[in-house]
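First the structure, in the form of structure tokens, and then the observations on it.
In my numbering, the protein residues as written are 815 to 1750.
Structure representation (structure tokens):
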């Protein structure tokens, strides 16, 4: 008998052993053969890949391996300032001509055209149309000018000081104050602690012009740069453009060394406990820093190590997630990971959580205990198997859509290769290698990691939270004591059995009673025997994606005023109770390795479900939909846990000046509305909240499937969706009742109003200008209002940012709604300095008045049209676009075919149309809200 068992065991492990022997772990990871890469003689590195999603567009990126860490003492903040200056005038595009030109070809400033500066790099994003040689050439001229020909005129530098100082102002607040106090411990004895990218206010205000020029000349040089080109292009042509635009530039004769700065190790455990009156929540961060610099991932063995780290993180975070979903959650959220710090060359094993304000120590103990539990007992085989299936499912989804991947995803991969030497083997190699490696990774591989992560030196604990009367501040010694866990008391993790099904009740399938189709928009319609309606569109936009939404009129507007106030803050807890007798953790465990999700919702005028799935896992989406309709759990214990987590998040939110401002303004605007319950619940509201009533109302809302339309968009097989629709949707309960969107008649306060709110210690203001009211909905006016918002944004950026240097960002937005009643809304918003709030408000209203009086300039109308048409061409090849079109058509009562006329509608909009809606709607009452600091 023993010999037979050994023989069977040998047969089981033999293929695995052979498999392991076949893998050459020393084999170097290849570079993606579909990418053309090279290095010019001057050291500039380039990457080029042809990718046709989206069509006729290309993502250009300039990556400079330079950030704030390389600034001299008198340059703090100038790496970031330099990034700003690249948009303020170059050799070929003086002053604001660069932004003006890009807007004229449909590229929106901020939304598309952007950049960022970090400690170690500065990166410029330039997505442009690739449908003409002229646009491509201009794109490369812009990259070249950013790299080498930015014009740093004293006039433009001084104008930009105000803009950058406004960005600096935006970062002020509780988090910045606390960071300034603990960064010296987090980045102990490191240059990183002294080089936050935003810099120092006094330097930004007074630096000499030459100081910025020195930074540009020293660091913006070819051997620290990469140009990345991914999109619908000809690869060889792009390579020639890179050569012609960048090969003539030389590095400085006596170039400065691009240093790498270390984060020294330390024997101590550093503890920082920081509080602030404006801190919105209590946070815990625990770091175990590596002793050595990160190992470069070069060969298959290194790749396997990365995969093991991914499995470790997946399992540990699943455990922490189960605690969050438990009846007595130790924190609102908690997660752990092994990853980077502020510095590229220092990684750490890190745990993060948000706790109740007086429970930081107990939350910290839970994080430490879970780490020690892994160290003592390891993970279980079931956990490892599930995490493998989860990782395989994720990589499989990416692989299946490898020819439908957006260019921006590839660009980021090549950027990481340039900056960090991260491998870029491509999805083909990655998928095949993951499939080969997962079977040979065992529990010992994963369990061994924790011993290298945990240590009693080189450790940092950071607690941040609110400062208020009656709340005792945690002492550093208490934190150190919390790290000392009695490991003898730790029990092994209990891996509960995995559920066998998402459905527990017998299903009696219905029938399809009628089939229809609409060839104009490519939809097919199934009328089911219970009256439910299924509308689906099969697309080839993604191979492994199906999006879903079911929608029905009704919503909370059908609740009485009293009931509405009782259930408003309980509705969010309904899903957390699970369904079919399964708790949320049971469902999550069952769904490991399966790609499907469904989320129910109840809005003011509709109820429904939203979700997505891969074609392979579509049946689980249908099963969840069936369960949410028929078998939602009622679990008061879950509601109490939900209330605790929500209170943790909400309790100190109003200490944030911006949120307090919104709350106070809302209290004014909704005065007299019996359904207004505040933006967030307080203790009194929680006591009045009725979870059981919310559950019963939910059941009422989802009692009639015949009142729903079920929309699906993606890679859909006709036979499969019919099979699932018959089984899971046609079997749902139904009646002949049809509900409509109900207008309760409540409106925001009318009149010409002004509200000034004083909150906050920092010199920060925020301005909101609102126009709203009833109006008969029209597609033409709705688009004209949208155009007005985008055009006014352009003018506000030109005036408030570029001319007055008074804001970092400003936006205007307009639109119209049809349900539950016809209405218009328009808003202007911007943060600024308190001393400028009134002046800039007047400037904003003056720019609006110019359009009211004279209409917009034709060039700005053309910019709006070009941007909308460019977005439409891209979005109309996305599943989410079509799903959104179907559901919005349902709620508006429009034909879904209207979308086919979109280009026609956009092209028909005139400057006069835009002026007309401005005159019609924005010359009446308005609300001005201004946040000012607290008076001293």
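Don't be surprised by glycine CBs; every beta carbon is placed ideally from N, CA and C. Since the model is a prediction, treat every value here as computed from it, not as a measurement.
So, are the CB atoms of residue i and residue j less than 7 Å apart?
i: residue 1369; j: residue 1419; result: yes
i: residue 943; j: residue 873; result: no
i: residue 1645; j: residue 1018; result: no
i: residue 1005; j: residue 1075; result: yes
i: residue 1601; j: residue 1499; result: no
i: residue 856; j: residue 1144; result: no
i: residue 1146; j: residue 1459; result: yes
i: residue 859; j: residue 1232; result: yes
i: residue 957; j: residue 876; result: yes
i: residue 1640; j: residue 1585; result: yes
Please identify the residue among the options whose C-alpha is closest to the C-alpha of residue i.
i: residue 1551; options: 1623, 1674, 1519; result: 1519
i: residue 1160; options: 1193, 1514, 1104; result: 1104
i: residue 1229; options: 1720, 1250, 1554, 1042; result: 1042
i: residue 1108; options: 1122, 1136, 1126, 1153; result: 1153
i: residue 1668; options: 1654, 1732, 1656; result: 1732
i: residue 1697; options: 1337, 1311, 1091; result: 1337
i: residue 1759; options: 839, 1524, 1611; result: With the chain covering only 815 through 1750, there is no way to say anything about residue 1759.
i: residue 1559; options: 1386, 1157, 1435, 1588; result: 1588
i: residue 880; options: 1199, 892, 1080; result: 892
i: residue 1691; options: 1735, 1175, 1648, 1355; result: 1355
i: residue 1234; options: 1527, 878, 1095, 1211; result: 878
i: residue 1135; options: 1125, 1150, 1122; result: 1150
i: residue 1439; options: 1631, 1414, 1040, 1077; result: 1414
i: residue 1437; options: 1024, 1222, 1410; result: 1410
i: residue 1125; options: 1034, 1046, 1253, 1090; result: 1253
i: residue 1138; options: 1531, 1629, 1455; result: 1455
In terms of residues, what are the limits of the beta strand (DSSP E) holding residue i?
i: residue 901; result: Element bounds for residue 901: n/a, residue is neither H nor E.
i: residue 1542; result: Per DSSP, residue 1542 belongs to no beta strand (DSSP E) and is neither H nor E.
i: residue 1746; result: 1741-1746
i: residue 1195; result: Looking at the DSSP string, residue 1195 is not in any beta strand (DSSP E); the run it does join, the alpha helix (DSSP H), is 1195-1214.
i: residue 1689; result: Note, residue 1689: premise wrong, no beta strand (DSSP E); alpha helix (DSSP H) at 1672-1689.
i: residue 1523; result: 1523-1528
i: residue 1629; result: 1625-1631
i: residue 1097; result: 1096-1103
Considering only residues of the same chain and omitting the five flanking positions on each side of residue i, which have a CB-CB separation below 6 Å?
i: residue 1642; result: 1583, 1626, 1658
i: residue 1209; result: 1245, 1248
i: residue 1673; result: none
i: residue 1509; result: 1448
i: residue 819; result: Low per-residue confidence applies at residue 819: pLDDT is 35, beneath 50, and the placement is therefore not dependable, though the value from the model is reported in the following sentence. Nothing meets the Cβ criterion.
i: residue 1743; result: 1479, 1569, 1582
i: residue 1271; result: 1081
i: residue 1425; result: 1362, 1411, 1412, 1435
So residue i is in the alpha helix (DSSP H); what residue range does that whole segment cover?
i: residue 929; result: Element bounds for residue 929: not the alpha helix (DSSP H) but the beta strand (DSSP E), 928-931.
i: residue 1226; result: 1221-1234
i: residue 982; result: 968-984
i: residue 1276; result: Per DSSP, residue 1276 belongs to no alpha helix (DSSP H); it is in the beta strand (DSSP E), 1273-1280.
i: residue 1607; result: 1593-1610
i: residue 1350; result: Where residue 1350 is concerned, there is no enclosing alpha helix (DSSP H), although the beta strand (DSSP E) it sits in stretches over 1347-1352.
i: residue 1645; result: Segment 1637-1646 is the beta strand (DSSP E) holding residue 1645; no alpha helix (DSSP H) there.
i: residue 1029; result: 1023-1033
Near residue i, what residues of its chain come up, given a Cβ to Cβ distance below 8 Å and the 5 sequence neighbours on each side ignored?
i: residue 821; result: Any reading at residue 821 must be qualified, since the residue scores a pLDDT of 29, below 50, and its modelled position is unreliable; no value is offered.
i: residue 1712; result: 1593, 1703
i: residue 1749; result: 1572
Once the 5 residues before and after residue i are set aside, which same chain residues still bring their CB inside 7 Å of it?
i: residue 1324; result: 1342, 1343, 1344, 1540, 1544, 1545
i: residue 1661; result: 1606, 1609, 1610, 1613
i: residue 1515; result: 1368, 1416, 1421
i: residue 1734; result: none
i: residue 1389; result: 1413, 1414
i: residue 1189; result: 1264, 1265, 1268
Please determine whether the Cβ atom of residue i lies at a distance below 6 Å from any heavy atom of the ligand GTP.
i: residue 1122; result: With respect to the ligand GTP, the structure offers nothing, as it holds no ligand at all.
Tell me, please, whether the CB atom of residue i is closer than 7 Å to any CB atom in chain C?
i: residue 1730; result: You won't find chain C in this structure, because it holds only one protein chain.
Q: Answer yes if the region 1562-1569 comes into contact with the region 1727-1745, meaning at least three C-beta pairs across the two stretches below 8 Å, and no otherwise.
A: yes
Q) Does the region 852-868 come close enough to the region 968-982 to have 3 or more Cβ pairs within less than 8 Å? A) no
Q) Are the region 1435-1449 and the region 1387-1405 in contact at 8 Å, needing three or more beta carbon pairs? A) yes
Q: Decide if the region 882-902 is in contact with the region 1055-1069; the criterion is three or more beta carbon pairs, one per stretch, under 8 Å apart.
A: no
Q. Is the region 909-919 touching the region 1010-1027, taking contact as three or more C-beta pairs under 8 Å?
A. no
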